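Structure, as structure tokens:
Protein chains: 4
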Amino acid sequence: MTISPQEEIHGHAAVADSGLSSFHRTIAPLTVMAQCFALLPVHGVTAPSPKALRFRWMSARVAYTIAVLFSLLFMVFFCILYILQIGGTFQDAQCMIFYGIATATYGAFLHLAGRWPRLVVQWSAVEHAQSCYGSSKSLRLKIRCITALLLAGAAIEHFLNEYNNLSFAARHANTTSGVVQQYMLRSHHHLFTYLGYSHACAVFASVAAALATFSWNFMDLFIAVTSIALTDRFRLLNRNLQAFRGKRMSAEFWKQTRERYTSLMYLTDTLNLGVSHVVLLSFGSNLYFICLQLFNSLNPLKNWYERVYFYWSFGFLLLRTATVSLSVAGINDESRLPRVLMYALPSDSYNDEVSRFQQLVTTCHVALTGLSFFSVTRTMLLTMAGTIVTYEIVLVQFSHVNT
Amino acid sequence: MTISPQEEIHGHAAVADSGLSSFHRTIAPLTVMAQCFALLPVHGVTAPSPKALRFRWMSARVAYTIAVLFSLLFMVFFCILYILQIGGTFQDAQCMIFYGIATATYGAFLHLAGRWPRLVVQWSAVEHAQSCYGSSKSLRLKIRCITALLLAGAAIEHFLNEYNNLSFAARHANTTSGVVQQYMLRSHHHLFTYLGYSHACAVFASVAAALATFSWNFMDLFIAVTSIALTDRFRLLNRNLQAFRGKRMSAEFWKQTRERYTSLMYLTDTLNLGVSHVVLLSFGSNLYFICLQLFNSLNPLKNWYERVYFYWSFGFLLLRTATVSLSVAGINDESRLPRVLMYALPSDSYNDEVSRFQQLVTTCHVALTGLSFFSVTRTMLLTMAGTIVTYEIVLVQFSHVNT
Amino acid sequence: MTISPQEEIHGHAAVADSGLSSFHRTIAPLTVMAQCFALLPVHGVTAPSPKALRFRWMSARVAYTIAVLFSLLFMVFFCILYILQIGGTFQDAQCMIFYGIATATYGAFLHLAGRWPRLVVQWSAVEHAQSCYGSSKSLRLKIRCITALLLAGAAIEHFLNEYNNLSFAARHANTTSGVVQQYMLRSHHHLFTYLGYSHACAVFASVAAALATFSWNFMDLFIAVTSIALTDRFRLLNRNLQAFRGKRMSAEFWKQTRERYTSLMYLTDTLNLGVSHVVLLSFGSNLYFICLQLFNSLNPLKNWYERVYFYWSFGFLLLRTATVSLSVAGINDESRLPRVLMYALPSDSYNDEVSRFQQLVTTCHVALTGLSFFSVTRTMLLTMAGTIVTYEIVLVQFSHVNT
Amino acid sequence: MTISPQEEIHGHAAVADSGLSSFHRTIAPLTVMAQCFALLPVHGVTAPSPKALRFRWMSARVAYTIAVLFSLLFMVFFCILYILQIGGTFQDAQCMIFYGIATATYGAFLHLAGRWPRLVVQWSAVEHAQSCYGSSKSLRLKIRCITALLLAGAAIEHFLNEYNNLSFAARHANTTSGVVQQYMLRSHHHLFTYLGYSHACAVFASVAAALATFSWNFMDLFIAVTSIALTDRFRLLNRNLQAFRGKRMSAEFWKQTRERYTSLMYLTDTLNLGVSHVVLLSFGSNLYFICLQLFNSLNPLKNWYERVYFYWSFGFLLLRTATVSLSVAGINDESRLPRVLMYALPSDSYNDEVSRFQQLVTTCHVALTGLSFFSVTRTMLLTMAGTIVTYEIVLVQFSHVNT
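Residue numbers (numbering that gives the first Met the number 0), protein chains in the order written: chain A, 0 to 402; chain B, 0 to 402; chain C, 0 to 402; chain D, 0 to 402.
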């Protein structure tokens, strides 16, 4: 293989900060946070090597996850009971769907946890084999920014919601304990209708709500961060291809490039097998909650804090959905770039390895999928946006008819 | 061809239980049941060899089928007459469409019967030629489970419906014979409006209704079971490919694999020519009845048994549709797997046979189709689900306008 | 090339009845009929050889066509004037759109006439070069049946409409001349509002209406017949391929097959350049009129002859649309068949010519298009059917809201 | 390379008028006009060579652009304030969206300006390398016609709008200064509600409105002209290919053709990177305003000048959208033509270069995209038209419900 001086420098730099750029280390803080909320129960996430990662059914972490899963199922059960007895509309089903999605999310992360150790080991192997491509300095910063942005936004939304509920409770109660009770009754009326109010029950409901809210936000964050890290691997390969554009490279170079591209395709495939449940849940729930918020936007809002909460939560939801969608679609965008680069190859540098690589990049389709039902590309995002706009138009027209 | 020890063992096992795993034997109980209800009128379904299968127009079975076909046409005729004279809405057309679908189903199975003997012979030839791939132990169990599940569900739904109708009749009649009469008048009013009530006519109508209900359920069951069996053939081929992944195989191995894959493609094509009418009917009717049930769900249900019946029939309809859809889409899913496996081939094992197989799996499209109008893949299922959700949204919005 | 005995017999038969099977002769009666109604103004349609075909701007036939075109434009002008002054809804625009489509149809056929001579010469050349494939006996019969069916249906619809209008007129007039006047006023009120009633004007309007109705029906018939004839060419090629399936053929055979397939592709391309305007008009107008009839179906019909007319015209419209759609889609269906046949080729018969033909049939897309906006395939027909069903659902829901 | 006499003549002609046909000179008048309205702030647009083109952040032109950008943002701010306080429907949001699109357009052209010099240099290099293809005489005429047509249409629309507003103002004011004041208050009420009326403010608002209107029209014009110029390059290449159709060409010819086609693909890619924001804005805003005008068409218009304005502005909007859509889709149409031409190649002229070119044209996808969310092809235009028709149907149905 003909290594240009520039690439050698990259290579050295890669060895120097290889510890820093590894996916295993980058994702570690996120995984630790997830485990506090009973998501992704694997051992060894803080170990220096990904080989220490283990998933065991017989462990405290898995037990914690399963306990949370059953608590959420418990909440879903009372929501369904409430709807069946009292009857419910589009809006009343929100609570059931919210806890239903949370339960499914915990299930999907449990499923992912079983595949996580092997995935991270494969990822590290790819990173090691392609260390000569160097690393992108901006990746860690980018991941930190997105993490901070999404978590801060979610925290603000959560506190605005609590303030909203508390101020409502304060207006309807005399004593301090009454405020808490009113607050709990308002936000979990489906539960207390059957069990009656008790402080233990209130604590339980609060914890369940917090976990569900966290899992809903974390799901998007996790997909976005993983996708960005994978996109970065494709970007490094493309940067390398771009550097040699127009030059005549040896067959060995093309063979190696093809093998590296193939190993990235396999990594995407492995990742997809792990997270495609999460992707389906994430896109489905975001689509549902955007439509719900559009529906809610037709109701007049009385207080300024209700208005602030509504605009914040809706704006944040749109921002989060756009972030996660574009991040995931980025894998597909970046994986298609070699296609164009290969067309520019001068005629005398054609050989069997080149044509194999060309056929590979022309025919392959690299993208995360939602359980194979859809693959996340920019075209698919336009379809999703079109669906939302159509729903909004129908809503606006109906509200004209009604008034 | 280089045969690995592991494959030889599989081969021996295959010879040992070849009788058990053959498609002809697996499908026999289903075909016998179908023939009791005048579907798939071929001779020799219980014979040990598929070569005994015969379709003759001049036979008692075909006569039975044609008699049923005309009885159902008779029912359709009275439904149309009723609608044209009394007028009908979306809901009133249900009866006509129900018997119309049943008539078309009997026609489609008659068309399939003419192609059945050749199809099963081709299937057996494929099984025999690929016996070295062994057989999957779980296939028969899987088919039995699905058969039991769908038939039990359908039976429960039928009895709940009968109970519903009988309890309605019991409230409106004094004598026992009056109950039966009321019951028949309620469920077949379009018939007795013209012919007047008679016991012979009532028996005729009951039998026709039972046959129509059976054919509607059996259609889905039959497609699901056939698809699962075909998917299994692709799975065995993929398991074999997976086993040799990364190893350097001879050109002979690739030639054989390509020929086997091609013969599976042809088998899919032959199956498709036989069942594509049934697939179109199945997907069309399921889509229609789901939309109808969603429409019905807007009406309040008075009694607890009406409610139980409604939730059961709707839930079962959704479950059945999901089962049949995912089973059929499984053929396409499984047939696409070699695509990814071929990309990972090391450079030195490339030869003409490899590139032919690679071109084959990259460009072919293997799936059952609904009379070529659509091919059943996961993407198509998402489109179908999206259509149902859109209809539900329009319904909910309109019900808001009305109230 | 290795010619099998069977093919030789076909070849001899082809020479014997080559005069009968030629596209030029088959389409002649249709073209003559078209010219009576000022469509397709070319000279030499009844000549034995297609080389006698000529299109001249300075000819009586073109003058006739242009006169009709201006008469129809005249009608459109008064329709627009009427709508702008009196105002018009969805239904009132029907007249304008009807004459607008007729005008566009005459324009599209004039455009086709300029390309017709070259197209028929190319078609004859293809027929001559592929005469060894023989001819299909059933083609002429099929074309005659479809012609008879569509023309008879259109004639019946026209007379039912006239009867309807006349019986309406008879009820509102005393004298015989009054009946005619009432009849004309009813069916062409937009014209007489401005010009006042006169017998000359009434004759003019009747002729214009008859020409517009004929062109609307002829458009579909013409596309269907041309497509069936082209599909037949592909079918003959496929029959030949099928006959040699599994046998080892020489490179010369594959080269010839590829060249023949390519010449059929070019013929489709030339045909498409000529008729794609007509295809767009045909599909667009059929879609529009189906939706309009669905809309009309919500209004109650008072008399039995109104009811008969409505059901006949709607049923015939659906039948005609299905016939023309499936005929045009047949070209695509038939052109895709070699794709599957090529996969089954035994390994030892591979050579450069085979792989060129294989690449050709795998990547080409052969279909008539509607001015490149859509290509007519079965999948596209499903989309069109889905659009109609969606419109029907919206209509039914709105009618529920209104009542 | 084998040069035919015909091509040599083309080559000479190209050298003779190379100055005239260059893209840089053709687009210059348009760019100058754009710079008067602060769009595309680059230096050297009137220089004879594209190498004189420069983009500098520190320049008067960029400062002008940024000043306009902030003025438009200022307008958007007051629109949002007005909507949030007074509340707004679908129609009231029109003003905000209009200025929002204008702001985004100025941003998109600023982004394009940074890439403009390199793009024009690349374009000139392509023109120079392919000068042997000659030039199409009709290109400049075509561009001038479209420019004149779109600008004249926009001017007429603008003056009709002003007349409308002035005549409304004249009816509500006594003095001349009062007319101006009324006129300004009517067209910019969201601004004067907060700032109070002043002449300085009125001038500012008028200039901002004129700039926004110009940028909205110019955006479409610019995309259309650039696309037509690029399409012309593909057309010249196709004309050359067509001229040698059926002849046996050297490998060198095919190599050169492939390289030229590839360089056009790269030019499209570079252009796309520059204008894809503008394309997204253009298609989005046209779709929005067409739907808005359809919505407005339901309201009755009182005066003849209101009616004239409405029909003119709507007709012009449709014409402009069709022009820009078909122009952009033309790139894709023209780039697909070699696909068909390559199939007709005689067998003995096949070689490696031919098969490379064939693979290139069969698998590549050349089109401008809207920020990768959609690529502009005829199929996509049909989808867009279908969306508009669906919206119109929903509107008409709802208006039936309301009345």
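Here a beta-carbon is modelled for each residue, glycine too, at the ideal position from N, C-alpha and C.
These figures come from a predicted structure and were not determined experimentally.
(request) Using a cut-off of 8 Å between C-beta atoms, extract the partners of B:SER137 located in chain A. (result) By Cβ distance, chain A contributes nothing, its closest Cβ being about 20 Å from B:SER137, past 8 Å.
(message) Against chain A, with Cβ distances strictly below 8 Å, would B:ASP332 count as a contact?
(response) When Cβ-Cβ separations below 8 Å define contact, B:ASP332 makes contact with chain A.
(request) Give the residues of chain A in contact with B:VAL339, contact being defined as C-beta atoms less than 7 Å apart. (result) B:VAL339 reaches chain A at ASP268, counting residues in chain order whose Cβ is nearer than 7 Å.
(message) Give me, in chain order, the residues of the same chain whose beta-carbon lies closer than 7 Å to that of A:GLU94; leave out the 5 immediate sequence neighbours on both sides.
(response) For clarity, residue 94 of chain A is Cys in the given sequence; the question names Glu instead. CYS78 and HIS189, listed in sequence order.
(message) Using a Cβ-Cβ distance cut-off of 8 Å, determine whether B:GLN396 contacts chain A.
(response) Taking Cβ atoms only, chain A reaches closer than 8 Å to B:GLN396, which makes this a yes.
(request) Alpha carbon to alpha carbon, how far is B:ILE145 from C:THR212? Give it in angstroms, no decimals. (result) When only Cα atoms are considered, C:THR212 and B:ILE145 end up about 55 Å apart.
(request) May I ask you to report which of helix, strand or coil DSSP gives A:ARG247? (result) DSSP places A:ARG247 in the coil class of the three-state scheme, outside both helix and strand.
(message) Just to make sure I have the definition right: I need the residues of chain B whose C-beta is within less than 9 Å of the C-beta of A:PHE97. Which are they?
(response) Correct list: empty, because the minimum Cβ distance to chain B is about 18 Å.
(request) Specify the secondary structure class of B:ARG114 as computed by DSSP and reduced to three states. (result) Note: B:ARG114 maps to helix in three-state DSSP.
(request) Using three-state DSSP, classify C:THR230 as helix, strand or coil. (result) When DSSP states are grouped into helix, strand and coil, C:THR230 belongs to the helix group.
(message) Spatial neighbours of D:LEU272 within its chain, please: C-beta separation below 7 Å, excluding the five flanking residues on both sides.
(response) If we look at D:LEU272 and ignore the five residues flanking it on each side, its Cβ neighbours are ARG114.
(request) Report buried or exposed for B:GLY245, applying the criterion of at least 16 other Cβ atoms within 10 angstroms of its Cβ. (result) By the 16-neighbour rule on beta-carbons within 10 angstroms, B:GLY245 is exposed.
(request) Determine whether the Cβ of D:LEU359 lies closer than 8 Å to any Cβ atom of chain A. (result) Interface residue, yes.
(request) Could you name the residues of chain D that A:ALA343 contacts, counting a contact when the two beta carbons are closer than 8 Å? (result) Simply THR261 and TYR265.
(message) I want to verify the contact list: residues of chain D whose CB lies under 8 Å from the CB of C:TYR390, in sequence order.
(response) Within 8 Å Cβ-Cβ: ILE392.
(request) Check B:SER205 in the structure and name its three-state DSSP category. (result) Helix at B:SER205.
(message) Tell me the rounded alpha-carbon separation between C:ALA112 and D:LEU148.
(response) Linking C:ALA112 to D:LEU148 through their CA atoms gives a straight-line distance of about 31 Å.
(message) Please report the distance separating the alpha-carbon of B:SER275 from that of C:ASN239.
(response) Within the model, the alpha-carbon separation for B:SER275 versus C:ASN239 is close to 26 Å.
(message) Does chain D have any CB closer than 8 Å to the CB of A:TYR304?
(response) For A:TYR304, no Cβ of chain D is located within less than 8 Å of the residue's own Cβ.
(request) Check distances from the C-beta atoms of the region 278-295 of chain B to those of chain C and list, in chain order, the residues that come in under 9 Å. (result) Taking 9 Å as the Cβ-Cβ cut-off against chain C, the residues of the region 278-295 of chain B that qualify are CYS290.
(message) For chain B, check one thing: does any of its Cβ atoms lie closer than 8 Å to the Cβ of A:GLU352?
(response) Chain B, which has a Cβ nearer than 8 Å to the Cβ of A:GLU352, makes this yes.
(request) Specify the secondary structure class of C:HIS276 as computed by DSSP and reduced to three states. (result) Residue state, collapsed to three classes: helix.
(request) Would you give the residue range spanned by the alpha helix (DSSP H) that A:SER324 belongs to? (result) A:SER324: member of the alpha helix (DSSP H) spanning 303-334, first to last residue.
(message) Assuming contact is defined by CB atoms lying nearer than 8 Å, are A:LEU220 and A:VAL119 in contact in what I supplied?
(response) For the 8 Å CB-CB criterion, A:LEU220 and A:VAL119 do not form a contact.
(request) Determine which residues share a DSSP beta bridge with D:HIS42 and list them. (result) DSSP lists D:ARG53 as the bridge partner or partners of D:HIS42.
(message) Can you confirm whether A:LEU52, when its beta carbon is compared against all beta carbons of chain D, has any partner nearer than 8 Å?
(response) No - not a single Cβ of chain D is within 8 Å of the one on A:LEU52.
(request) Note down, in chain order, each residue of its chain lying with its Cβ closer than 8 Å to the Cβ of C:ASP347, except the 5 sequence neighbours on either side. (result) The beta carbon of C:ASP347 sits closer than 8 Å to the beta carbons of ARG247 from its chain, once the five residues preceding and following it are set aside; these are given in chain order.
(request) Tell me, please, which residues DSSP counts as bridged to B:SER58. (result) Beta-bridge analysis with DSSP links B:SER58 to no other residue.
(message) I'd like the span of the alpha helix (DSSP H) that includes B:VAL375, first residue to last.
(response) That residue, B:VAL375, is in no alpha helix (DSSP H); it is neither H nor E in DSSP.
(message) Judging by CA-CA distance, which residue of A:THR361, A:MET218 and A:PHE397 is the nearest neighbour of A:LEU421?
(response) Limits of chain A in this structure are 0 at one end and 402 at the other, which puts residue 421 of chain A out of reach.
(message) What does the alpha-carbon distance come out to for the pair C:ALA107 and A:ARG355?
(response) For C:ALA107 and A:ARG355, the distance between alpha carbons rounds to 47 Å.
(request) Report the three-state DSSP secondary structure of C:THR368 (helix, strand or coil). (result) Of the three classes helix, strand and coil, the one that applies to C:THR368 here is strand, per DSSP.
(request) With distances taken Cα to Cα, identify the nearest neighbour of B:ALA151 among B:ALA66, B:ALA199, B:ARG139 and B:LEU318. (result) Looking only at B:ALA66, B:ALA199, B:ARG139 and B:LEU318, the smallest Cα-Cα distance to B:ALA151 is reached by B:LEU318.
(message) I need the boundaries of the alpha helix (DSSP H) containing D:LEU150, first residue and last residue.
(response) Per DSSP, D:LEU150 belongs to the alpha helix (DSSP H) from 137-170.
(message) At the 8 Å Cβ level, is B:ARG377 part of the contact set with chain A, yes or no?
(response) At a cut-off of 8 Å between beta carbons, B:ARG377 contacts chain A.
(message) Taking a contact to mean a Cβ-Cβ separation below 8 Å, would you say A:VAL360 touches A:MET379 in this structure?
(response) The answer is no: Cβ separation not under 8 Å.
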